[in-house]
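Here the structure is laid out as structure tokens; the discussion comes afterwards.
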Amino acid sequence: MTFNPFEDSFQGLGDKATSGAKNLQDVLEWLESEDCPLKDAARRTYAQAVRKAARLIGRTADRIPACTRQFQSNFPNKDYNRSWGKTFCAAKRWKRNVSAAINGATGTIAAQKERRSRRDDWATVMCVLGEIAETVCPSPFELHPKQLICIQSCADTARKLDVCLADIDPDLALCLYRAAPTKAAKEAVVEALDLIDQSRVITDRRIQSILPAQPIGFVRPERADQVTIPLSLMQELEAWVDLASRGRWSITDKAFTGGVSPLPYLNAAKKIITTAERAGVLKLGELNTIASAFDERVLVAVVQMLRDLHTNDGAGAITPRTARGYFECLTPLLERNGEDTSSVRMILDTDRWLKTGRRSRTEMAPHVRTFCRNVVTDMNARIRFLSLHIQLRKKSVLHLKSAQVTGGRAAERHLEKARRFGTCAAFAALETDAIPARVSNVLKMTFRGRAAWLCLGHRKTEDGRLMIPAGYVKNRKPLFATISATSRLRGLETLRWYETVIRPLFSNNQENDYFFPAVQNLRRPLPYATFKSWWSDCAAECGFPGLNPHMFRHGQASILVAENPGNWSLVTARLGDTEAVCRENYAWIDHEKLVLAGQQELTKEFPNAA
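Printed below as a string of structure tokens:
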């Protein structure tokens with residue numbers, strides 16, 4: 012749990028009076044005033060950062076509110092642009108400087124320092140726990156020094172509300188949780204209250220005298236959109252989904268063939284049913300059959316609620332694109348179970364909100380289009396993108412070296428990070444030097460045993476090979492790719508390094524034939540959720556925040572389309588997609604080049620500018 016006071020403002024509890032009316036011009040004036048405690052070098056750095064923020068926002072400083080949260084929302088990490096800083100780390104440093112200047116000018120930092128300086132029961136708890144964390148003697152209460160961060164954050168929230176530690180009960184704990192200004196601060200409250208309950212085993216009188224009379228026993232409140240479907244209805248729904256997804260019966264094979272994944276049907280039905288319960292048009296506990304959940308009045312109420320949640324950014328909100336996908340899955344689910352689908356079809360054809368979802372499904376997301384345009388037009392961005400696996404590998408090697416010179420928990424953390432960066436490096440090498448396969452296919456890839464998908468060769472000069480069976484490919488054609496040993500991107504070298512250096516860091520590497528083994532399960536591949544969390548952190552540290560694994564496909568396809576206009580067979584062979592899908596996603600690149608060519612054609616007879 013990390014909580015950065017320079018990035019997280021505390022508006023909403025105790026600082027409205029100090030920050031409500033200020034703007035960036037006030038921040039600049041504060042940096043030049045005698046009230047500013049900073050040294051001259053820090054003042055200049057912060058002032059430059061604030062002026063740069065005003066320039067990038069495109070408004071004068073006196074018209075931009077001095078609000079840290081609003082500033083951070085204008086420059087999210089996933090939309091990183093080189094105009095913010097030459098590197099992603101430089102951009103983060105600039106954002107921290109602006110946030111610190113705003114928090115200093117609005118009094119947020121001063122208010123926080125005042126709260127931290129108080130000598131109260133929270134200070135006593137932190138003092139005692141700090142002593143325990145630093146001691147090396149055996150103790151019934153094990154505590155890591157970093158666990159004190161959550162106590163500090165929780166204490167700050169409590170002090171804003173003038174809440175004493177001894178007064179905390181489950182109701183007051185819930186108030187603290189709701190008053191925490193950010194998701195990280197809410198997590199800190201949960202961890203801190205649990206730590207306080209655990210500290211009852213400490214015999215120190217200083218802490219025993221200020222603890223609540225009874226254990227707090229705080230339980231994180233359930234999400235507002237959390238609805239439980241009764242077991243009987245869930246069993247019926249699973250039977251429906253199985254019937255819709257299992258395919259046709261083969262009289263020769265004596266089995267169902269040609270089936271599809273049941274998850275899209277199951278997820279769509281569960282979302283619609285739970286939303287209907289939240290909307291008040293269904294009482295799941297009173298239903299005798301799941302069929303009643305798909306009546307016309309229920310579906311109408313579900314669409315209306317989903318639209319309202321999306322408009323108001325409520326709990327459980329989804330995009331029109333996702334909502335349309337759910338309703339499109341509902342059509343075959345009902346049809347194959349003998350239910351009427353006319354209401355679903357009418358809603359899909361007439362609802363304006365769902366129609367925007369249909370349009371967005373055929374258009375590339377703005378941030379993805381920006382990324383693709385960058386790798387097409389900016390050679391530096393293209394090189395960094397295609398050599399990402401080398402950057403990830405270097406990070407992993409640094410952590411391996413750090414693990415060798417440290418010991419204990421620090422060494423374990425370095426090895427864990429080396430495993431993360433190394434795994435992401437191997438994935439990036441496959442996507443770049445082999446073929447940009449889907450993440451689900453890559454994680455299922457075997458490199459040992461019968462019919463292994465991946466072969467890395469046995470000699471240094473021997474090429475590697477990757478094969479993905481037809482059943483796992485969207486266009487139902489197997490994918491074959493050669494991983495060249497002489498490639499300038501050195502992808503095969505990274506894959507062999509991963510096999511010999513990083514893969515042995517997984518405890519079950521000998522028994523598991525998957526190239527990317529699970530961390531705990533002996534014979535399973537690395538779960539998608541685990542890999543995605545690793546990838547998000549590692550890609551951001553290498554200067555690619557917001558780069559999800561699927562964007563390897565988009566980036567490479569964009570480069571191929573730009574360099575080979577009209578040659579769609581090259582793109583379809585690289586991606587394993589149909590030509591129609593490739594044209595739908597990437598034709599805009601070809602179109603932009605044609606527009607530019609037209610502009611150049613209009614002026615080709617003009618003399619060159621001096």
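Numbering (our numbering), first residue to last: 12 to 621.
Idealized CB from N, CA, C, for every residue including glycine.
Only a predicted model underlies this, so the values are computations on that prediction, with no experimental measurement involved.
Quick one: what's got a C-beta closer than 6 Å to E18's C-beta in the same chain, skipping five residues either side?
Confidence at E18 is low in this model, with a pLDDT of 43, below 50, so its placement is unreliable and the value that follows should be read with caution. Taken in chain order, the residues that qualify are S110.
| field | Assumed close pair P241, L317 - CB separation to whole angstroms, cut-off 8 Å | value | With a Cβ gap of about 22 Å, P241 and L317 do not count as contacting.
- Starting from G433, follow the alpha helix (DSSP H) in both directions and report where the run begins and ends. Taken as a continuous stretch (DSSP letters only), the alpha helix (DSSP H) holding G433 covers 419–440.
- [ ] May I ask you to report which of helix, strand or coil DSSP gives A72?
- [x] helix
Query raised in the report: Would you say T98 and G557 are within 8 Å of each other, going by their C-beta atoms?
Result: no
query: What does a CB cutoff of less than 7 Å around R514 pick up in its chain, not counting 5 residues either side in sequence?
result: N520
Notebook entry, point to check: What's the gap between the Cα of V230 and the Cα of K197?
Noted result: 12 Å
Would you mind reading off the limits of the beta strand (DSSP E) that contains M478? 475–479
Open item on the list: DSSP three-state label for N34, please.
Closed with: strand
task = Under the assumption that D51 contacts A116 (Cβ atoms under 8 Å), give the Cβ distance between them as a whole number of angstroms.
result = With 8 Å as the limit, D51 and A116 do not qualify as a contact, their Cβ atoms being about 17 Å apart.
Name the two residues that bound the continuous beta strand (DSSP E) containing F267. 266–268
If you draw a straight line from the alpha carbon of S407 to that of W95, how long is it in whole angstroms?
-> Here the C-alpha atom of S407 lies approximately 27 Å from the C-alpha atom of W95.
Could you tell me whether the Cβ atoms of V136 and D215 are closer together than 8 Å? no
Taking buried to mean at least 16 other C-beta atoms within 10 Å of its own C-beta, is V271 buried or exposed? exposed
inquiry  = Please state the DSSP three-state secondary structure of S498.
reply    = Note: S498 maps to coil in three-state DSSP.
From the DSSP output, which residues share a beta bridge with T493? R476, per the DSSP bridge assignment.
Enclosing beta strand (DSSP E) for R259 [first to last residue] | 259–261
Practice task
Can you grab the Cα-Cα spacing for the pair P181 / H155, in whole Å?
Solution key: 26 Å
| task | Whole angstroms is fine: what's the gap from A77's alpha carbon to A53's? | result | 19 Å
Handout entry: Bridge partner(s) assigned by DSSP for L465
Key = L477
DSSP has Y525 in a bridge; who is on the other side? T457
In its own chain, which residues sit with a C-beta less than 6 Å from the C-beta of L503, not counting the 5 before and 5 after it? G475, I494, A496
Local Cβ density within 10 Å of D26, reported as buried at 16 or more and exposed below that
Any reading at D26 needs caution, since the residue's pLDDT is 40, under 50, leaving its predicted position unreliable; the model's value is listed next. When all chains shown are included, D26 counts as buried.
query = Nearest-angstrom Cα distance between Q237 and I329?
reply = 14 Å
Q.
Among the candidates A598, C466, F438, V484, whose CA atom is the shortest distance from the CA of F527?
A. F438
If you draw a straight line from the alpha carbon of T333 to that of G368, how long is it in whole angstroms? 7 Å
Note to self: Going by beta-carbon coordinates alone, are R585 and I446 separated by less than 8 Å?
What the structure shows: yes
- Nearest-angstrom Cα distance between W105 and H469? 48 Å
Discussion item. I'd like to check one pair, A312 with A279: are the Cβ atoms closer than 8 Å?
Written reply: Cβ atoms of A279 and A312: not closer than 8 Å.
Query raised in the report: Given that a residue counts as buried once 16 or more other Cβ atoms are within 10 Å of its Cβ, and exposed if not, what is V309?
Result: buried
D264 versus E233: straight-line alpha-carbon distance, rounded | 47 Å
If I'm right that L477 touches L465 with Cβ under 8 Å, what's the distance once you round it to whole angstroms? 5 Å
Open item on the list: Does the contact criterion of 3 or more C-beta pairs under 8 Å hold for the segment 557–577 versus the segment 385–392?
Closed with: yes
For P536, the residue or residues it bridges with in DSSP:
Looking at the DSSP output, P536 sits in a beta bridge with P528.
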